[in-house]
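In what follows, a single structure is set out as C-alpha cells and then discussed.
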Amino acid sequence: MSKLNIKNLIKSFPSMDRPAVNNVNLDIESGELVAFLGPSGCGKTTILKMITGLFQPDSGDIILDEQSLLNIPTEKRGVVMVFQNYLLFPYMNVNENVGFALKMKGVDKNIIDQKVKEMLELVKLPDIGLRKPKQLSGGQQQRVALARALISNPRILLLDEPLSNLDAHLRDEMRDLIVTIQQKLKVTTIFVTHDQEEAVLLADKIALIFDGELQNFTSPKKYYEKPKNIKAAKFFGGVNFINAKKYNDNLSTNIGTVHYKGENYTDLNEDNIITIRPENIKLSKNNDFNDNSFKGLIKSVIFSGTHTRYKIIVNDLELECSLQSVGLQDIKKDDTIYVHLPSDKIWAMNE
Amino acid sequence: MNNNLKKINIYAIYLGAIILILPLIAFFINAFSFRWFYPQVIPKELSLQAWVRLKLIPKPGQRTFEGFIELWASNPAVIKALLNSLSIGFLVTIVSIIIALPAARVLGLLNFRFKKLIIFIMVSPTILPPIAFVLGLNINFISWGFSGNYFGVCLVHLVPIMPYVVLTMTGIFANYNPDFEHQARTLGANKTRTFLLITLPAIAPGMVVAALFAFLVSWSQYLLTFLIGAGKVMTLPLLVFSTASSGNPALTAAISIIFIFPAILILFFTSKFVSGESGATSGFGKI
Amino acid sequence: MKIKLKFLTLTFISLFFSKLVFAETAPGFNSWDDVVKAADGGQVNVYMWGGSDAINGFVDDFYGVPLKEKYNITLNRVPLKGTVDAVNQVLSEKEAGVTGDNGNIDLIWINGENFWTLKQANLLYGPFAAGLPNSEFVAWDNPAVNLDFGRPVEGMESPWSSAQFHFMYDSARNNYDDMPRSYAELSNWIAENPGRFTYIRPGKGGFVGTRFVKQIFFELSGGHAQWVGPFNQELYDKWAPEVWKLLNSWEKDLWRGGETYPKDNAEMHSLFANGEVDLDFTQSPRGAGPTNTAGTTPPTSRAFAFYENMIGDFNYWAIPYNAPNKAAALVYANLVLEPELQAAQVQPANGFCCGWGISTAKVTDAAGKAAIAEAQNNLGDAAEDQDILAKALVSDIAAEYQDLIEADWEANVLLK
Amino acid sequence: MGGERLKIILSLTPPLLIIFTLFFGGIFYGFLQSLGYQPAIGKYEINFSAYYNVMFSERYAKLFWTGLGLNLWVSFASTFLAAVFALFGALAIRKTFFAKTICNFIYSLNLPMPHLVVAVGIIFVFSQSGLLARFASQIGLIGSPGDFPVLVKDKYGLGIILAYIWKEAAFFFIILMSVLQSLGENFEELAQSLGANRWQRFRYVILPLVMPNLFSASIIVFAFSFGAYEVPALLGVIYPQMLPVMAFEFFLNPDLNARSEGMALSIIIAIIVMILVVFYFWLTQAKIRKD
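Structural data, given as C-alpha cells:
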C-alpha cells in the first residue's frame, strides 16, 4: 500500500554507449499494478534493480511514500523482487524458502510456520512444503517464489518477466493468480515484460520504455486506441498508418479527406499520421457508409478462427482489417470493396 | 559392447587397480616386518619395531594404556611433525581460500581488460618450477626473519597453493548466478547473512575441492619447507625424505603410512565433490 | 730480533688464549653455573646428518631425556641430508646479516671440510671446548683430537665420538677368511665376483666413499705417512691418475657395470642386505653390530678390515656464531662427554655406530669406570678384531683433498 | 564504473601481491644472484659467467646437457603415458559395473599421495630387490637381484617416469572422469546411430571432447615433472642427473660462488619450461583451430 515516485532517473553502464535508463519520471499510485513494457535491453529491469537497491542510479531519485530510498540498504527497503528464473534457494525446502524473509526479520518460528502455511494456501500449493525446489515444476516454482516474496508484506512487489518461462497453458493460470492475489493484498506491484499482450491483460497502467526512455505511461486501452506515437502504436500491434495533413478541421490523405473527431486535433502538427485498429475498420460491397468511405481491392483473405483478416489496397495504400468470422459477407480475393474508417475510431498522432 | 570384450575390460580395470595399490601393500608389509630382505615375498619376522622406534607404540612390556599415554605425551618427533603438517595445511588452506575468494568471484563473474593476463600470472607458479623462486626467496626470507619459523613456511606454501585455489574457485563462480544473492537481499537479508546463507552454501562443494587441493599441495610440500623452514619447522615430508635416505625400509614405510593416511582419509570424505558435477575440477580446463 | 718478535707474539697469543679459557668458561659466560642457569627452560636446535636412524634414535633417547630431566632443555634434533646443509644455512644467514642470537642453529655435528669452512669464515662461536667441565676426559694432547683433517681445532669444536672405515660381509654368504685385506686383493676379489661389489660415490652425503678412495691413494703411493700435513698438490697429481686407472679397471665388474653408484651408506646397506652386493662399508668400530641391531642388514653380517690404511677420525660438535641458544648448546656439548653416555654410545645394542670420543684412561670415578668396563665387554661378535683395527688405523688428511677427489672422481670415473 | 573497477582491483590485489612479491620477487632475486650480484660477499659486478659455466664449461657441460636430455625425456614420457593410462582407465571405468565405486576410489587414490611417498613405493615395488623381483624369484624367473631389469635408479629415468605415471595418472583420471560425466553418453550414442564404430567413436567423438581438458592438465603435469626435485632426488642416479637435482646440489655447495651457478641453472630450467609451454600452447591452439 505504497506510492512510488521515480524522478529524473539516469543510469549508465560503461559497456553501453547510451544511458541504460535516461531521465525516467514515473508516479505509481498505491495499490496499482503497473507493467514496464519494452523490448529486451530497453532498461526496464535496470529500473527494477535500482528500486531494489541492487544498482545505484547515476542521478535522480526514487521516492517511496515521500521518503527517498537511495540511502537505504536493499534489505531494509521493503521492496521485494521475484526474479525471472525464480531463484528458489536449492538447498532449502519450500517451507524454508517461503519463510526466508521472516527468518531474516527474526520472527518467531511458530509464527513463520503459520505464515508460510497461509502463503502456500494463497498460491494454492498447500502440500509441498517439504519438497526441494528441484522436485517442483516450473509453475510450482513460480508460485513458491511469489509466496516467498509476499510473506513479509512488501511495500512494493517487483516481478521480472513473471510469465516468460512458463508454458502457454500455465500462463493464463498464473496471470489470473497474480491478478487475484494483487487485488486481494492490494500491494503496489510492478512487473516487467516484453510481451504487450501480457501487459495489457494484467496491468492497470503500462509504462512503455524504449532505449532507456519512457515513451508513455497510461492505461492499456489508450495504448490501443490513442497511442502517443507510431512506435507505441506499432508495439501494440498497430498496422494501419496513413500519412495525413491538417485540412479544414479534418485531415487530408492520399486516399481522400478523412473526417476526424479526435480531441487532440489542436495538438497535431501540420504533417501527422492516422492510425486505426484493424478490428475497427468496416467493409461493405455496396457503399453503405456516408462518411470516411473509400473504394479498394481485396488483396488477400486469411481465415484464423474467430476472425478473418483482409488486406485491402486503397490507392496504393495497404490497409488491414479484421472482422468477426460469424455472419460475414462473402468477400473474396480481388473483389472490389468499400472501406469505412469510423471517424470516432481513427486516431491521429504526430510522428 | 559384446560380453567377452566387457570381461576383458573389467579384468583390465582390476589389473590396473592392483598395480596401483601394490605400493600401498608394500608399505604395510614393510612397516610391520623386520629384516624383510630379498628374496622373501612374505617377511619371516613380523615386528612392531619401526613403530617402537617412531615412539608411537611403547616397547614390549610397557604396552599398557598408561604406557601409550606416557609415550605420546613425550612428544615424539613423528607426532610433532604430524601436528605441524596438519596445522600448516589447515591454516594455509583457510588463508588461501579467504584470499582467493574475492579474486575468484571477480574472475569468474566479470569481464574486464587484462583478465586473461591476470589469470596467467596467477597460474604461473604451477608452470614455473618451485626451485626457480625459492632459491632466490630464501635469502630474502632469512633477512626478513621469516626463515626457520612457522610463519615463513606458511607464507611460502601459499605460493604453490594459490593457483589451484584461484582456478578451482573461478571455475565455481563461472557457473554461479549472483542473482541468488540479490534475491536474498530483496527478501531482507543483510550482506553478512546473504554471504553465510546463500553464497557459501552455493559455492561450498567447489570450495571443498579447492580446499582439498590446497591442503594436499601444502601437505606434500618438501622443497619449500626444507629451505624456508631451515630444518626448524619439521613436517612429515621432511621426515619421510630423511628417513627414506636413511635406509631403514620399515621405518620409512611406517612414516609413509602416517603421511598418507590423513590424505587418503580426506580424499575419502571429499571424493563425491571431486568427481561430482560441481564442475570445480573442470576449472583446470580453463587455463 | 726475529726470534724475539716470534716469542712475543706467541706469549701474546697464549696470554690471550688463557684469558679466554680461565676468565670465561666460554665467550659470554663466567662460570659453568651461569651456563646451566641460562640454558634452563630453553631448547637446543641440533643439526645433524640424519641418514642413520640408529644414530637419530640414540640421540633422542640418550641425550633428549637427560637434557629434559636434568637441565630442563628441549632437544630439537634436525635431520640433514648432509652436514653441508647446515653449513649452508649458516652461510645464508651470514649473507642475510643475521647476527647475535638470531640464527637458527645451535649445534652442528661436524668435522673436516665443513668445520674448516665455518672456522675460516669466522662463523663459529668459541673457543668453548676447553671450558666444558667434561673436557677433562678429552685427550686434547692427541693430534688425532686437536687436529681435524689436519686443521687445528683450537677449541672451536668439542669431540663427540670416533669412527673408523672398514668393511662388512654376510657370514651366511661368505667366509671371513676369503675376504680381501688390501686394495690389491680387493681388485682380484672384484674380478672373481663380477657384479657383487660397488662403492659409495665420493661426493655430497658420500664421505664414506671419498674415504674409500683416499685409502687407495695411501696404498698405491706406498703409505699414509707422506699424506700427513698440509695439502700437497704435487703429491696428489702424481698419484691421482693411478687411482682413476684402478677404479676404471674395476668398472665392468662392478654392480650394474659401474653405470651408477650408491649415493650414501644407507643405499649401500640396502644393496648389501638384499643381496645385490656382497660387501658393505661401515664406520663403526663395532662393525656390523649397529646395523644388525637396527635390522637394516642381515643378522649374520660381520665386519672385516684391511690390514692397513683404514682411516679413523674424531667427530665434533660446533656452535655457529649466531646460535640462538648458546648456553643450551654448551650443556649439550658437555653432556655427550659424560663417561656413562660415552659408554652407552659404543655398545652395539644402543644403535649408535661410533666409538669413544673421550680417552677412557682419563676417567677416574668408579661409576664411570664401571660403565666403561661393561661397555668393553659388550662389543659383540659383529665387530672386527680390535687389534686389527687399531693396527690399520690412519688419520684423515687435509680437507682440500676431499673436494678435489670428489670433483676428479666425477670427471675421471663417473663421466669418463 | 569507478566502484566496479575499484572492486576488481581490491579483490585481485591480495593473491597478486603474494604471487608478485614471493614468486616473481624470488625469481628476480635468484636472477640477480645468477648474474653474480651478491652484495653479501662483496660481489657487485654483473655477468653471465654462471650461465656459461653451467652450460659450456668443461666441468659441468656434460652433466648439464645429459641432464637436459633426461629432463625432456622424463617429462614428455611421463606426461604422455600418464594421460594415456588415465584416459583408458576412465573410459573403461565410466561404464557401470558392480565394483565401480571401489575402482573409482582406487584410481583416484594416488591423487592425495605425496610424490615422496610414491617414490618410496616405487622403490619398494620395482627395485631390483623389490616386491616384483621377489615374486619373479619365487616363481623361478630370476636368481639374484641383478637378473631383474633395472627399473629404479637407472640411467634412463624409468623409475622417475614410473613414479610420475603412478601419481599423475590419478590427476588426469579425476579431471577426465568429471569431463566424461558431464558429457554423458549422448554424443557417443548419436555417433553410433550415425554409423561410427568403437574406434571412430573414440577418435572422433570422445577424444576431441576431452582434449581441451587433457591439454591443460598435461601442461601442469609436464611443467611439474620438469621442475620437481623430490622424485628424481630419490629415484635418480648420480649421472645423468635431472636438472632440478643438479641445481639444488649447486645451491647446497658451501662455496658461495657455486650459488650463482645454482641460481643460473634454476633460471635456465624456468626459461626452458616457459619456452616449452608456450610452444605447446601454440601447437595445441593451432591444432584446435584446425579442427
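Residue numbers (our numbering), protein chains in the order written: chain A, -14 to 336; chain B, 861 to 1147; chain C, 3 to 418; chain D, 301 to 591.
C-beta: ideal position from N, C-alpha, C; glycine also.
Quick caveat: nothing in here was measured; it's all calculated off a predicted structure.
Neighbour list for residue i in chain C, Cβ cutoff strictly below 7 Å
i, result
"I999 of chain B", "S94, E97, A98"
"Y351 of chain D", "Result: empty, since nearest Cβ-Cβ is about 20 Å, beyond 7 Å."
"K453 of chain D", "T262"
Opposing strand residues paired with residue i [DSSP bridges]
i, result
"H292 of chain A", "A:S289, A:Q309"
"T321 of chain A", "A:L282"
"E159 of chain C", "C:A320"
"Y232 of chain A", "A:N235"
"I261 of chain A", "A:N225"
"M89 of chain A", "In the DSSP output, where bridge partners are listed per residue, M89 of chain A has none listed."
"N78 of chain C", "C:N47"
Under 9 Å between C-beta atoms of residue i and residue j
i, j, result
"Q428 of chain D", "P899 of chain B", "no"
"L1027 of chain B", "V983 of chain B", "yes"
"P118 of chain A", "M77 of chain A", "yes"
"A165 of chain C", "G314 of chain C", "yes"
"A325 of chain C", "I192 of chain C", "no"
"A367 of chain D", "M542 of chain D", "Position check: residue 367 of chain D holds Gly in this sequence, whereas Ala was assumed. Yes, these two residues count as a Cβ contact at 9 Å."
"V425 of chain D", "P1109 of chain B", "no"
"W257 of chain C", "T212 of chain C", "no"
"W466 of chain D", "L880 of chain B", "yes"
"P350 of chain C", "N311 of chain C", "no"
Within-9 Å CB hit, residue i to chain D
i, result
"N276 of chain C", "yes"
"E412 of chain C", "yes"
"F24 of chain C", "Caution applies to F24 of chain C, whose pLDDT of 46 falls short of 50 and renders its modelled position unreliable; the model cannot decide the point."
"V86 of chain C", "yes"
Within-9 Å CB hit, residue i to chain B
i, result
"S493 of chain D", "no"
"G208 of chain C", "no"
"F85 of chain A", "yes"
"A134 of chain A", "yes"
Rounded straight-line distance, which links the Cα of residue j to that of residue i
i, j, result
"A153 of chain A", "D252 of chain A", "42 Å"
"A1044 of chain B", "L72 of chain A", "9 Å"
"G133 of chain C", "V80 of chain C", "26 Å"
"E905 of chain B", "S173 of chain C", "20 Å"
"W358 of chain C", "A56 of chain C", "17 Å"
"L170 of chain A", "N(-7) of chain A", "30 Å"
"E549 of chain D", "F925 of chain B", "46 Å"
"A25 of chain C", "F993 of chain B", "Per-residue confidence for A25 of chain C stands at a pLDDT of 49, beneath the threshold of 50, marking its modelled position as unreliable; the derived number appears in the next sentence. Approximately 48 Å, taken between the alpha carbons."
"D387 of chain C", "F306 of chain C", "8 Å"
"R559 of chain D", "N90 of chain C", "10 Å"
"G949 of chain B", "I1118 of chain B", "15 Å"
"I374 of chain C", "F308 of chain C", "27 Å"
Neighbouring residues, chain D, relative to residue i (Cβ below 7 Å)
i, result
"G197 of chain C", "G446"
Chain-ordered neighbours of residue i on chain C, where CB pairs are closer than 8 Å
i, result
"E530 of chain D", "Neighbours of E530 of chain D on chain C: none; closest Cβ ~12 Å, over 8 Å."
Interface flag, residue i vs chain C, CB-CB below 9 Å
i, result
"G1005 of chain B", "yes"
"N944 of chain B", "no"
"Y539 of chain D", "yes"
Chain B contact residues for residue i, given Cβ-Cβ distances below 9 Å
i, result
"E60 of chain A", "A1044, R1045, T1046, L1047, G1048, A1049, N1050, K1051, R1053, T1054"
"T31 of chain A", "Chain B residues near T31 of chain A: none, gap ~13 Å exceeds 9 Å."
"F74 of chain A", "F1040, Q1043, A1044, L1057, I1058, P1061, A1062"
Chain-ordered neighbours of residue i on chain B, where CB pairs are closer than 8 Å
i, result
"T242 of chain A", "Correct list: empty, because the minimum Cβ distance to chain B is about 56 Å."
8 Å Cβ cut-off: residues of chain D touching residue i
i, result
"A288 of chain C", "A small correction: the amino acid at residue 288 of chain C is Arg; Ala does not occupy that position in the sequence shown. The premise fails here: R288 of chain C is roughly 26 Å from chain D at the closest Cβ pair, so nothing lies under 8 Å."
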